[in-house]
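To start, the structure itself, in structure tokens.
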Amino acid sequence: MFLLSICQWVDSTPLSAMVRQSNWLFSTLDTIHTLGIVLVAGTIMLVDLRLLGFGLRSVPVAQLVARIVPSTLGGFGLMVVSGGLLFSSEAVKMYHSPAFRIKMLLLALAGLNALIFHRTIYRDVAHWDPASVVPARARLAGLLSLVLWIAIIAAGRAIAYAPGYDLG
Amino acid sequence: MATSLLPVFQWLQSTFIGQTIRHSAALIALLEIVHLIGLALLIGTILMVDLSLLGFGIGRQPVSRIARELNFFTVMGLTIMLVSGPLILTSEAVRCYKTPAFWVKMALLAVAIVFHFSIHRRVTLADPPVPEPSARIVASLSLALWFGVALAGKGIAIFQPA
């Protein structure tokens with residue numbers, strides 16, 4: 001199959017071999033990856049909770065988003081680069097891992113949810129922010145984001161517990 | 169001469185809870201997921217407060233207000249970690265006992281908790297005028313301590329005892 005042959009090719013690259021053969025490199029990437037996802041989830045959860053009416057209620061949503069997004073994107077960058085390198089070290093194994101496939105699907109959904117939020121209801125933030133009542137659609141986006149990121153963390157951990165897969 | 173704590177760790181691992189978790193990969197995975205979510209809450213909220221102390225606040229919101237409104241979630245994150253962490257520990261207490269990263273984490277955690285609820289809290293609630301150097305030092309120390317706890321935690325999994 002097409003995706004499988006891509007994964008086989010990735011596994012054959014020198015980069016893949018380098019990460020696979022170095023415990024030190026693999027562990028460092030693993031640590032950066034965990035830190036990245038903790039940053040992404042930890043920051044985005046604050047926006048999600050605010051949309052749902054918890055946490056920083058006296059802070060306007062637009063102010064919170066403006067402050068938090070750089071940290072979220074920074075964490076996301078760490079997560080994607082380290083995740084890509086970790087993937088490259090065992091691409092075929094990942095191809096066969098159900099948890100990995102679920103994680104990629106959840107990531108796509110989380111991205112789609114954020115994109116729709118920013119392209120639709122968030123465009124009117126100046127209108128609904130001062131009213132201190134968050135519109136239902138924005139609350140829904142917050143709830144979806146919260147659930148999806150928790151599920152992404154869960155799926156990520158599950159990759160390590162897949163049969164025959166040994167990661168500290 | 170200090171008495172060895174090893175028997176305590178051996179006992180922890182021999183308990184019903186320790187043995188149950190130890191023999192269930194699903195339970196360990198679940199506890200680790202909960203532990204990570206707790207960490208995300210803790211790090212996310214503390215990052216916002218410390219960025220504010222460093223001068224990267226949310227709009228013109230006073231640091232004390234941000235800290236007060238986020239305090240519930242900081243404490244919730246910490247509580248989640250302090251419940252899930254010891255449960256994970258019981259499943260591999262003897263290995264943790266022999267892993268230096270575990271002791272580094274416990275030491276950093278103790279310092280971080282004491283620092284957070286004393287000096288950090290006092291400075292945050294006093295609303296320092298933002299570019300104050302002492303506030304920056306407190307914020308930097310807080311970030312270093314909590315990220316240190318997180319890194320040492322990862323280290324427990326990475327560094328296996330000889």
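Quick mapping for you: the protein sequence lines, in order, are chains A and B. Heads up: the first sequence is residues 1 to 168, going by the working numbering. Heads up: the second sequence is residues 169 to 330, going by the working numbering. Built from N, CA and C at the ideal position, the CB exists for glycine as well.
Candidates the options: closest to residue i by CA position
i, options, result
"B/Ala312", "B/Ser259, B/Pro329, B/Ile281", "B/Ile281"
"A/Tyr161", "A/Ser12, A/Cys7, A/Lys93", "A/Lys93"
"B/Gly225", "A/Gly53, A/Trp9, A/Gly55, A/Gln63", "A/Gln63"
"B/Phe184", "B/Ile305, B/Leu219, B/Leu255", "B/Leu255"
"B/Asp218", "B/Val231, B/Ala294, B/Glu237, B/Thr267", "B/Val231"
"B/Ser192", "B/Thr258, B/Ala235, B/Leu215", "B/Thr258"
"B/His288", "B/Ile201, B/Leu198, B/Asn239", "B/Asn239"
"B/Arg263", "B/Ile326, B/Leu199, B/Ala197, B/Thr171", "B/Ile326"
"A/Val47", "A/Ala155, A/Ile153, A/Phe117, A/Ala151", "A/Phe117"
Neighbour list for residue i in chain B, Cβ cutoff strictly below 7 Å
i, result
"A/Ala136", "Neighbours of A/Ala136 on chain B: none; closest Cβ ~23 Å, over 7 Å."
"A/Ala154", "Ile201"
"A/Ala41", "Ala208"
"A/Ser71", "Leu215"
"A/Arg123", "Those do not exist, as A/Arg123 stays about 20 Å from chain B at its closest Cβ, beyond 7 Å."
"A/Gly55", "Glu237, Leu238, Phe241"
Cβ of residue i within 8 Å of any chain A Cβ
i, result
"B/Ala303", "no"
"B/Gly227", "yes"
"B/Ala197", "yes"
"B/Thr188", "no"
"B/Leu313", "no"
"B/Leu319", "yes"
"B/Gly212", "yes"
"B/Ala193", "yes"
"B/Val256", "Per the sequence presented here, residue 256 of chain B reads as Ile, with Val not at that position. Judged by the 8 Å Cβ criterion, B/Ile256 is not in contact with chain A."
"B/Ile353", "Outside the modelled stretch of chain B, which goes from 169 to 330, sits residue 353 of chain B, for which no answer is possible."
Partner residues on chain B for residue i, Cβ-Cβ distance less than 8 Å
i, result
"A/Gln21", "Result: empty, since nearest Cβ-Cβ is about 16 Å, beyond 8 Å."
"A/Ser58", "Gln229, Arg233, Glu237"
"A/Arg67", "Met216, Leu219, Phe224, Gly225, Ile226, Gly227"
Cβ-based burial, residue i [other Cβ within 10 Å; buried from 16]
i, result
"B/Ala194", "exposed"
"B/Ser286", "exposed"
"A/Asn23", "exposed"
"A/Phe26", "buried"
"B/Gln178", "exposed"
"A/Gly164", "Note that A/Gly164 scores 47 on pLDDT, short of 50, meaning its location in the model is unreliable and no value can be drawn from it."
"A/Asp166", "At A/Asp166 the pLDDT is 47, less than 50, meaning the model places this residue with poor confidence; the figure from the coordinates comes in the next sentence. Label assigned to A/Asp166: exposed."
"B/Leu173", "exposed"
Under 7 Å from the C-beta of residue i: neighbouring residues of chain A
i, result
"B/Met216", "Leu46"
"B/Ile205", "Ile150, Ile153"
Any chain B beta carbon closer than 8 Å to residue i
i, result
"A/Ser89", "no"
"A/Val38", "yes"
"A/Gly142", "no"
"A/Tyr161", "yes"
"A/Gln63", "yes"
"A/Arg157", "yes"
Within chain A, the residues that residue i reaches when beta carbons sit closer than 9 Å
i, result
"B/Gly322", "Gly is not the amino acid found at residue 322 of chain B; the sequence shown has Lys there. Per Cβ cutoff of 9 Å: Ser27, Asp30, Thr31, Thr34, Leu35, Gly168."
In chain order, what are the residue ranges of uninterrupted beta strand (DSSP E) at least 3 long that sit wholly in the stretch 14-49 of chain A?
List check, beta strand (DSSP E) in window: nothing returned.
At what residue ranges does the stretch 196-272 of chain B contain a whole run of the alpha helix (DSSP H), taking only runs of 4 or more?
Whole alpha helix (DSSP H) segments, 4+ residues: 231-259, 261-265.
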